[in-house]
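Only one structure is covered here, and it is reproduced in the block below.
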Amino acid sequence: MLLRFTCALAVMLGVEAAAFAAYNRDLLFLRAPVEELARAPIDTVRAHAVSALERESVPRRHLDAIARVAQLRGLDDLELNALNRLHERYPEDAEITLLLADALRRSARYSEAESLYQQLLAPLPSRGGQ
Numbered sequence: 005m006l007l008r009f010t011c012a013l014a015v016m017l018g019v020e021a022a023a024f025a026a027y028n029r030d031l032l033f034l035r036a037p038v039e040e041l042a043r044a045p046i047d048t049v050r051a052h053a054v055s056a057l058e059r060e061s062v063p064r065r066h067l068d069a070i071a072r073v074a075q076l077r078g079l080d081d082l083e084l085n086a087l088n089r090l091h092e093r094y095p096e097d098a099e100i101t102l103l104l105a106d107a108l109r110r111s112a113r114y115s116e117a118e119s120l121y122q123q124l125l126a127p128l129p130s131r132g133g134q
């Protein structure tokens, strides 16, 4: 009886793991180091990035990876999408704001980039305007 239960449990866990891997294939792919992702076929990178970006919630590390790899591979639309999502989530993060402004500048979206650069140059309230 215990053997049957153990076998059934192992089969159920295997099915659950396979379902998890299939559903999260895009996020699992994006866990690889950025250097490795940059060497992957561009269509594969694009497919996994697009799939991840279609999700309502994407972990920060995956958005960071998408933005970095997209910049390295010249996938401007994906880079902007990932950086916009990060900026919406972390509007006070100066590094994200700078990365987004630089990406907008490279995409010839100068007025949007300028607005973000101005935000970065504005005095912080905690500094008392100095």
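Numbering (my numbering), first residue to last: 5 to 134. Where a beta carbon is used, it is the ideal one built from N, C-alpha and C, also for glycine. Just so we're clear, the structure is a prediction, and the values are computed from it rather than from any experiment.
* To do: Run the CB neighbour count on T33, radius 10 Å, all protein chains shown included, and call it buried at 16 or more, exposed below.
  => Reading off the sequence, residue 33 comes out as Phe, not Thr. Per the 10 Å Cβ criterion, buried.
* With a threshold of 16 other CB atoms inside 10 Å of the CB of Q134, please say whether the residue is buried or exposed. => Bear in mind that a pLDDT of 49 at Q134, under 50, signals an unreliable position, so the model cannot answer this.
* To do: Would you tell me roughly how many angstroms separate the C-alpha atoms of D80 and H91, rounded to the nearest one?
  => D80 and H91 have their C-alpha atoms roughly 16 Å apart.
* Would DSSP call L34 helix, strand or coil? -> Three-state DSSP puts L34 in coil, outside helix and strand.
* Asked: Could you give the distance in angstroms between the alpha-carbon of A105 and the alpha-carbon of E116?
  -> In this model, A105 and E116 are separated by some 7 Å (Cα to Cα).
* To do: Decide if the stretch 57–69 is in contact with the stretch 15–25; the criterion is three or more beta carbon pairs, one per stretch, under 8 Å apart.
  => Under the three-pair Cβ rule at 8 Å, the stretch 57–69 does not count as touching the stretch 15–25.
* In its own chain, which residues sit with a C-beta less than 6 Å from the C-beta of N85, not counting the 5 before and 5 after it? -> Around N85: L57.
* Which stretch, first to last residue, makes up the alpha helix (DSSP H) that contains R109? -> Residues 98–110.
* Given a threshold of 16 other Cβ atoms within 10 Å of its Cβ, counted over all protein chains shown, does A12 qualify as buried or as exposed? -> The residue in question, A12, is exposed, as its Cβ has fewer than 16 Cβ neighbours within 10 Å.
* From which residue to which residue does the alpha helix (DSSP H) around A22 run? -> First-last of the alpha helix (DSSP H) with A22: 6–27.
* Asked: What do you get for E83, buried or exposed, if any count of 16 or more other CB atoms within 10 angstroms of its CB means buried?
  -> Around the beta carbon of E83, 16 or more other beta carbons lie within 10 angstroms, which makes this residue buried.
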